[in-house]
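Going left to right, the sequence shown walks through residues 1 to 371 as the UniProt record's numbering numbers them. From the three backbone atoms N, C-alpha and C, an ideal C-beta is built for every residue, glycine too. Computed from a predicted structure; not experimentally measured.
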Amino acid sequence: MTLTVTPSPALHQSSRPAPLHGRLNALRRRVAALLVRHLLPPGFRGVGAGQLPRAGIHRILVCRPNHRLGNTVLMMPLLAELERHFPGAEVDVFGAGDAARDVYAGFGTLGRLWLLHAHALAHPLATLGTLRRLRRRSYDLVIDAASGSTSSRLAAALVRARFRLLVGEVEGPRPAHLAARPVHALRWALGADPSLPLPSPDLHLAPHERAEGRRALLQVLGADPAERPVLVVFPNATGSKRLPADWWRGFLDGLLQRIGPHHIVELVAADGVSRLDNAYPTYFTSDLRRLAAFIDAAGTYISADCGVMHLAAATSAITIGLFRSTDPRRYAPYGAGKVGLVCADDPQLTATEVAHYLETQRGPCRSAMAG
């Protein structure tokens, strides 16, 4: 069954003046674009199709200066693809915010992280200092991995490199999903087979991290997780992606009627406040790898489109993203046991869709009367 969503009036464009943060963001983009036009060398271009050599690439820089957790996770397939083609190389990352330290920690080829403040323009001296230090480095390959990002393009231009790959300038059709685009661009530059499966995001959780996740789950439940399946939910998201608490209550009630008894755990957002009035056991941590290990131990995760959804998709857990105002073709979790579903205003319709997907992943669900 295909579910469609009718946008609410609040989602339509308003005639009211843009809020201050919106005007500041627009100003930031104009300033960054001006810098790019003045600082990029004339005729600045990247490698073409099949022009990137497969040998002699040892020092790589990936530019993706975005602090959002989801965008950080969506770079993991590119890092995995670089490991596949250049297993002896070292990969530095030019990013922003603190999430990259936890998200990329499991990659054996990871070198140095060059991280801007999450709000880089508000810290100009620190930003310029990082760019100055980065400019002293030299690389065999620099990848501007963010299509349309002026800050990423600027960083890729400032660094000394033998080869530059500009994801936004790849010729021909490009994949819809944002995680696939830099992988597609790398294969295009190498002349590699573009039809190979896309690497799945993988946090590479260590055995001790998985064990700690299982211990934390047992402690939160106060019961043996083997008694019944565990379902973790994160009923939070930003802006129009967020689903109301009443919707979540109706959805979870309907889902349990369809799939039978489950332990449910609510993952609590950064503000430390339960969105479901503490109706279920809760788990909170500010450590992203601990959070991922907890989700991995639980085995099934459901939320709206958000950064934690992408983090869950980088674990072994079944991951279901509910999309209300964003496009799952661009942002859905992907890989085995991962799916993005367009959610309905009626939570019961979505509960039916989710129950059907869980049945395809787990086998026939237990009836609601099962003990």
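Expressed to the nearest angstrom, what Euclidean distance is found between the alpha-carbon atoms of PRO281 and GLY213?
-> If you draw a straight line from the Cα of PRO281 to the Cα of GLY213, it comes to about 15 angstroms.
Skipping 5 residues on each side, what residues in its chain have a beta carbon closer than 7 angstroms to that of GLN361?
-> Annotation for GLN361: ILE318 and GLY337 place their beta carbon closer than 7 angstroms to its own, counting only its chain and skipping 5 residues before and after.
ALA370, DSSP secondary structure in three states = Because ALA370 carries a pLDDT of 35, less than 50, the predicted location of this residue cannot be relied on, and the following value inherits that uncertainty. When DSSP states are grouped into helix, strand and coil, ALA370 belongs to the coil group.
Pairwise C-alpha distance: ALA145 and PRO182 | For the pair PRO182 and ALA145, the Cα-to-Cα distance works out to about 6 angstroms.
Buried or exposed by the 16-neighbour rule on C-beta atoms within 10 Å, applied to SER152 = A buried status is given to SER152, since no fewer than 16 other beta-carbon atoms sit within 10 Å of its beta-carbon.
Entirely enclosed alpha helix (DSSP H) segments - the region 137-216, minimum 4 residues = If one requires a minimum length of 4 residues, the alpha helix (DSSP H) runs lying completely within the region 137-216 are 150-158 and 180-190, in chain order.
If you draw a straight line from the alpha carbon of VAL5 to that of ARG84, how long is it in whole angstroms?
-> Confidence at VAL5 is low in this model, with a pLDDT of 35, below 50, so the placement of that residue should be treated as unreliable; the coordinate-derived value is given next. Cα to Cα, VAL5 sits roughly 40 angstroms from ARG84.
Which partner residues does CYS63 have in the DSSP bridge list?
-> The partner list for CYS63 (beta bridge, DSSP) reads PHE94 and ASP144.
What is the rounded straight-line gap between the Cα of PRO333 and the Cα of ALA313?
-> Between PRO333 and ALA313, the C-alpha separation is close to 6 angstroms.
Drop a sphere of 10 angstroms on the beta-carbon of THR130, count the other beta-carbons inside from all chains shown, and report buried for 16 or more, exposed for fewer.
-> With 16 or more Cβ atoms within 10 Å of its Cβ, THR130 is classed as buried.
Could you give the DSSP three-state label for PRO42: helix, strand or coil?
-> For PRO42, the pLDDT reaches just 49, beneath the cut-off of 50, and the residue's location in the model is therefore unreliable, leaving the point undetermined.
Between which two residues does the alpha helix (DSSP H) carrying ILE259 extend?
-> Bounds of the alpha helix (DSSP H) holding ILE259 are 245-259.
My understanding is that ILE295 touches ILE320, with C-beta atoms under 8 angstroms, so please give their C-beta distance in whole angstroms.
-> About 12 angstroms separates the two Cβ atoms, so there is no contact after all.
Whole-angstrom C-beta distance between LEU267 and VAL308, which should lie under 8 angstroms = So it is a contact: roughly 7 angstroms between Cβ atoms.
Nearest CA to the CA of LEU134: which residue from GLY70, CYS306 and PHE94?
-> Sorting GLY70, CYS306 and PHE94 by C-alpha distance to the C-alpha of LEU134 places PHE94 at the top.
For THR238, does the count of other Cβ atoms within 10 angstroms reach 16, so buried, or fall short, so exposed?
-> By the C-beta density criterion, THR238 is exposed, having fewer than 16 other C-beta atoms within 10 angstroms.
Taking the C-alpha atoms as reference points, what is the distance between ALA80 and ARG137?
-> The C-alpha of ALA80 lies about 23 angstroms from the C-alpha of ARG137.
Does DSSP put LEU291 in a helix, in a strand, or in coil?
-> The three-state reading of DSSP puts LEU291 in helix, counting H, G and I together.
Among VAL230, ARG101 and HIS184, which one has its Cα closest to the Cα of THR72?
-> The shortest C-alpha separation from THR72 is found at ARG101.
Could you please give me the residues that DSSP links to ALA304 through a beta bridge?
-> For ALA304, the pairing in a beta bridge is given by DSSP as LEU322.
Among ALA89, THR127 and GLY108, nearest to residue 372 - alpha-carbon criterion | In this structure the chain extends from 1 to 371, so residue 372 is not present and cannot be described.
Quick one: residues in its chain with C-beta nearer than 8 angstroms to the C-beta of GLY43, no 5 flanking neighbours on either side, listed in chain order?
-> Confidence is the limiting factor: at GLY43 the pLDDT is only 49, short of 50, which leaves the residue's position unreliable, though a coordinate-based value still follows. So the list is empty, once near-sequence residues are dropped.
Check VAL220 in the structure and name its three-state DSSP category.
-> In this structure, VAL220 counts as helix in the three-state DSSP scheme.
Does DSSP classify HIS58 as helix, strand or coil?
-> Of the three classes helix, strand and coil, the one that applies to HIS58 here is coil, per DSSP.
Take VAL91 as the anchor and find which of LEU61, LEU74 and ALA180 has the nearest alpha-carbon.
-> Per the Cα distances, LEU61.
Can you name, in chain order, every residue of its own chain whose Cβ lies under 6 angstroms from the Cβ of CYS306, other than the five neighbours on each side?
-> Same-chain partners within the cutoff: ALA237.
In the DSSP assignment, find the beta strand (DSSP E) that holds GLU266 and state where it starts and stops.
-> Segment 263-267, the beta strand (DSSP E) holding GLU266.
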